[in-house]
Every structure is written in C-alpha cells, then in structure tokens.
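Below: the structure, in structure tokens.
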Amino acid sequence: MLVQKYKDMLSGKSVIRQLSEFATARGQEIGYENVFDYSLGNPSVPVPQAFTDEMIRLLTTQDSVALHGYSPSLGITSVREAVAASLERRFGLPFRKEHIFMASGAAGALAHAFRLVTQPGDEILTFAPFFPEYHPYVDLTGAMLKVVPPDTESFQINFEAFEEMLTEKVMAVLVNTPNNPSGVVYSTGTLQRLADILRKKSAQYGHDIMLISDEPYREIVFEGVDAPCVARFYDNTILCYSFSKSLSLPGERIGYVAVNPACRDAETMVNMCGQISRGIGHNCPPSIIQLAVSKVLDQTADLKVYETNMNLIYRELKELGFTCVKPGGTFYIFPKALEEDAKAFCSKALQYDLVLVPGDTFGAPGFFRMAYCIATEKVERSLEALRKFVKETY
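Residue numbers (this note's numbering): 371 to 764.
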C-alpha cells in the first residue's frame with residue numbers, strides 16, 4: 371500500500387519547479403533566450419578553474435579504487451581538517467575536524483541538524499520570507515515548522531512576533547542569511563538581539579534552544595554589507611553549508627555540518643550525525659568531490675555578476691514604482707507586486723515571457739521573487755519586457 375502522506379505531496383509540488391518547467395517548455399516554442407526565466411536559483415557562472423584542475427589531477431594520478439571508494443561515515447578526515455582550518459581562519463572560532471560532518475549539500479546538512487535536536491512533536495521556528503522546502507525538510511521528521519510573520523519593511527526579524535511564538539516546545543530556531551528569497555542579510559544588531567533572546571529563553575525553559583543557520587549563500591554578499599558569522603553570537607549554533615552557490619556546484623551535492631566548538635556536546639553531536647545517516651540514506655558524500663573542494667575552500671566562482679544584475683534590476687524596479695528592500699547578497703530580489711494578489715500578478719507577467727515566482731509559498735503574500743542568476747545581457751533585455759508589462763497592465 372502506498373504511503374498517503376507522500377502521495378498527497380504530489381498535489382503540492384514546488385511552485386518554483388513548476389514555473390521552471392513552464393519556462394523550459396516555452397523556450398522550446400520561442401527559443402529559451404527569449405524567455406526571461408527568473409524562477410530557479412541555479413548558479414550561472416562557471417566553477418573555479420582550480421576546482422576543475424584538481425578534479426583532473428585526482429582522476430589522472432590517483433588510484434581509482436581508493437578515489438571512488440566510500441568515505442568514512444563522518445567524511446574524509448583530511449577534508450574535515452581542511453574545512454575546520456578554513457572556518458578558523460575566516461571567523462576566528464577554534465573549529466577542529468571533530469566539529470565537522472560532511473553532508474550532501476545544505477539540504478543534507480539540515481536533515482541531520484533537525485534530527486540532532488528535535489523529536490516528533492517538537493517545534494522549530496523560522497522567519498518569513500523563507501525557503502518553502504523547509505516545510506517538508508522539517509515536517510517529515512515528525513517535528514513541526516512554525517513560521518514567524520515577516521517584517522516587510524526591512525525583512526530583518528519580526529522580534530515581537532518571534533517572542534510570542536518562542537514557547538517551551540521550540541527546540542530550535544532556523545535562520546537563513548543571506549536570505550532566500552529576499553536577499554537580505556541579517557545585521558550584527560539583529561543577530562545579537564536574537565542571541566540574547568535565545569539565551570534568556572533557554573534559561574527560562576531549562577533546555578538549550580539550538581540556532582540552526584542555513585548558509586548556502588554565505589559568500590554572495592555585496593559591497594559594504596554587514597554580514598557577520600552567525601556562530602560568533604551564540605554558542606549553541608549549528609552551521610549548515612553548501613558549496614552549491616559559492617563554487618557553482620549544485621549538482622555535486624556537497625556541503626557540511628559545522629557545530630560551534632563552544633556548543634554543549636559539540637563532538638558528540640557530530641558523531642551522532644554519522645548514526646543519523648544510517649537511517650536517512652545520506653551516507654558518504656562523493657569522495658572525489660570532497661577531496662576536490664578541500665583544495666579550493668577559500669576560493670569562489672566569479673560572483674561579481676550577481677551584484678551587477680541586482681543593481682540593474684533594483685534600479686529599474688524602483689523607477690517603475692515597485693516597493694523593494696535592496697538585497698545585501700544572494701541572487702534573489704523580492705519586490706512587492708503591483709496588485710494585492712501576487713499570483714495574479716505573476717500569471718499576467720507570463721504573457722510577456724517574464725517568469726516570476728509569487729511570494730505566497732515563501733510566507734509573504736503580495737510579494738514575488740526574481741532569481742537573477744542569469745546572463746547580464748539577458749537581464750538587460752528583460753527590463754524592456756518588464757517596462758512593457760507594467761505600462762500595459764498597470
């Protein structure tokens with residue numbers, strides 16, 4: 371007999387994926403270069419040459435049996451050591467390999483983090499606007515994701531609503547900064563206030579409230595933006611990282627869990643991740659990819675194009691009368707639609723081959739997301755379609 375809860379999910383497929391599929395089909399009709407597809411957050415810049423060179427070196431010089439074998443359950447020891455050393459250099463925290471667990475991207479890292487600190491019936495809080503896949507990630511563990519309403523003026527944390535929702539049932543708080551979909555980066559002031567509240571409430575409730583930081587966009591931060599390390603503010607922090615965006619490697623599914631060395635039972639938690647893997651099938655990310663990324667930990671792909679695209683789009687949106695918080699990073703922007711119903715707005719935009727994602731599933735109805743990880747030349751051409759859409763429709 372088929373499990374009903376997964377069967378029910380078939381009727382609730384990702385809106386982002388559905389729109390991406392529409393864009394692909396439309397591209398077959400008119401040429402994909404004529405579809406202004408802002409749906410899917412798929413990096414648009416090449417991987418660093420150093421990563422490619424290391425892959426070639428590994429494939430041509432290393433024993434294939436060893437190179438393609440299973441890694442240890444927690445990840446290759448030399449890779450964990452390299453990740454820890456890189457984090458210590460960058461953020462000044464005393465990470466060691468004992469604090470690192472290699473995972474299959476940020477999604478795999480989150481899958482472990484949620485299971486580390488919650489049991490069925492526990493609650494995790496996150497902040498709108500948020501990545502919609504957090505719901506299945508959390509809800510299918512047996513825990514419950516609760517969403518704090520957004521502060522739509524700044525897309526920083528709505529602290530008044532947060533404190534009301536931070537009950538004794540909450541075992542973890544999930545943050546995503548830089549944020550998908552808003553592009554906003556949580557400031558030092560925001561993270562300090564969040565940490566102060568978590569310390570106070572942990573003491574009040576008699577149990578630790580973990581802070582889980584989802585960080586696939588950590589390296590995509592724009593000039594002059596305050597982008598502090600989350601773990602520097604709160605001891606009980608778990609960092610969940612992916613190389614998908616920084617190195618343009620989304621298809622390789624590689625990332626890690628890094629438990630703050632100051633966290634209670636940090637080393638035990640990393641060892642527990644190896645046991646969690648036994649139950650959820652995330653064992654052993656690809657060995658060759660672990661080895662290759664360990665050689666380019668302090669490098670990124672050429673990410674400058676994302677800030678260029680953001681400035682073009684933000685300036686045009688403002689000139690056309692949109693309300694929009696300027697992104698501090700990522701490759702997303704999250705303007706307010708020109709009518710109350712963002713789904714209707716985005717549906718009308720499709721007539722101009724503008725593929726935009728309504729903000730309802732991100733927890734912010736009335737807004738829409740543009741993923742501008744596309745060629746700058748295409749962004750520039752899309753602005754004429756946007757101007758025509760606004761002029762003729764609104």
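Glycine is no exception: its CB is placed at the ideal position from the N, C-alpha and C atoms.
CB contact flag (residue i, residue j, <7 Å)
i: Tyr611; j: Glu585; result: yes
i: Lys758; j: Phe737; result: no
i: Arg393; j: Ser664; result: Contrary to the premise, residue 393 reads as Ala rather than Arg in this sequence. Cβ atoms of Ala393 and Ser664: not closer than 7 Å.
i: Ile624; j: Leu437; result: no
i: Arg396; j: Val405; result: yes
i: Leu544; j: Thr496; result: yes
i: Leu444; j: Gly644; result: yes
i: Leu708; j: Ala719; result: no
i: Asn353; j: Tyr702; result: Examination of residue 353 is not possible in this model, given that the chain is present from 371 through 764 alone.
i: Val600; j: Phe421; result: no
i: Tyr722; j: Ala755; result: yes
i: Arg485; j: Ile646; result: yes
i: Thr560; j: Pro598; result: no
i: Leu690; j: Val760; result: yes
i: Leu410; j: Ser390; result: yes
When the options are compared against residue i, the one with the closest alpha-carbon
i: Glu637; options: Arg466, Tyr764, Phe603 and Val417; result: Arg466
i: Ser448; options: Val435, Leu463, Glu468 and Leu726; result: Glu468
i: Glu710; options: Leu724, Pro728 and Tyr722; result: Pro728
i: Tyr742; options: Gly491, Leu682 and Met472; result: Leu682
i: Phe461; options: Ile624, Asp668, Val554 and Glu503; result: Asp668
i: Val779; options: Arg634, Val695 and Ser614; result: The chain is shown only over 371 to 764; residue 779 falls outside these bounds and no answer can be derived.
i: Tyr575; options: Glu538, Gly651, Leu495 and Gly553; result: Glu538
i: Pro697; options: Ala734, Thr511, Val725 and Gly594; result: Gly594
i: Ala632; options: Ile400, Pro464 and Glu523; result: Pro464
i: Ala712; options: Gly691, Ala734, Met580 and Leu724; result: Ala734
i: Glu686; options: Gly651, Asn653, Arg751 and Pro656; result: Arg751
i: Phe704; options: Ser524, Met580 and Gln721; result: Ser524
i: Gly621; options: Met580, Asn412 and Leu380; result: Asn412
i: Tyr440; options: His652, Glu589 and Gln398; result: His652
i: Asp596; options: Lys571, Val554 and Asp605; result: Val554
i: Ala498; options: Tyr764, Asp730 and Glu762; result: Asp730
i: Leu510; options: Pro442, Tyr376 and Ala454; result: Tyr376
i: Gln338; options: Arg450, Gln432, Val435 and Leu410; result: This structure gives no information on residue 338, because the portion of the chain shown stretches from 371 to 764.
i: Asp605; options: Leu429, His505 and Asp635; result: Asp635
i: Gly382; options: Ser390, Glu503, Gly478 and Thr431; result: Glu503
i: Ala483; options: Tyr402, Leu609, Leu753 and Gln432; result: Leu609
i: Glu762; options: Arg427, Phe715 and Ala455; result: Phe715
Nearest-angstrom Cβ-Cβ length linking residue i and residue j, presumed shorter than 8 Å
i: Ala565; j: Phe603; result: 4 Å
i: Ile494; j: Met541; result: 7 Å
i: Ala671; j: Glu424; result: No, Ala671 and Glu424 are not in contact; Cβ-Cβ is about 14 Å, not under 8 Å.
i: Pro548; j: Thr693; result: Not quite, the Cβ-Cβ distance comes to about 20 Å (not below 8 Å), so this is no contact.
i: Val417; j: Ser618; result: 5 Å
i: Phe471; j: Val640; result: 5 Å
i: Leu568; j: Ile579; result: 5 Å
i: Ala473; j: Pro656; result: At roughly 12 Å, the Cβ-Cβ gap does not stay under 8 Å, so Ala473 and Pro656 are not in contact.
i: Gly475; j: Gly491; result: About 27 Å; that fails the 8 Å criterion.
i: Val695; j: Ser572; result: So it is not a contact: roughly 31 Å between Cβ atoms.
Collapsed DSSP secondary structure at residue i in the structure displayed
i: Gly625; result: strand
i: Asn679; result: helix
i: Phe529; result: helix
i: Tyr611; result: strand
i: Gly691; result: coil
i: Asn606; result: coil
i: Lys620; result: The residue you asked about is not Lys; residue 620 is Pro in the sequence shown. In this structure, Pro620 counts as helix in the three-state DSSP scheme.
i: Thr496; result: strand
i: Val487; result: helix
i: Pro766; result: A query on residue 766 cannot be resolved here, the shown segment of the chain reaching from 371 to 764 and no further.
i: Asn546; result: strand
i: Phe471; result: strand
i: Phe406; result: strand
i: Phe737; result: strand
i: Leu564; result: helix
i: Lys516; result: strand
i: Ser583; result: strand
i: Lys696; result: coil
i: Tyr722; result: helix
i: Gly706; result: Contrary to the premise, residue 706 reads as Lys rather than Gly in this sequence. Strand at Lys706.
i: Met642; result: helix
i: Val540; result: strand
CB contact check: residue i to chain B, cutoff 7 Å
i: Val518; result: This model lacks chain B altogether, as it is built from one protein chain only.
Pairs of beta-carbons, one from the region 626-633 and one from the region 670-680, closer than 8 Å: are there three or more? no
Segment contact, 8 Å Cβ cut-off, at least three pairs: the region 509-518 with the region 529-543: yes
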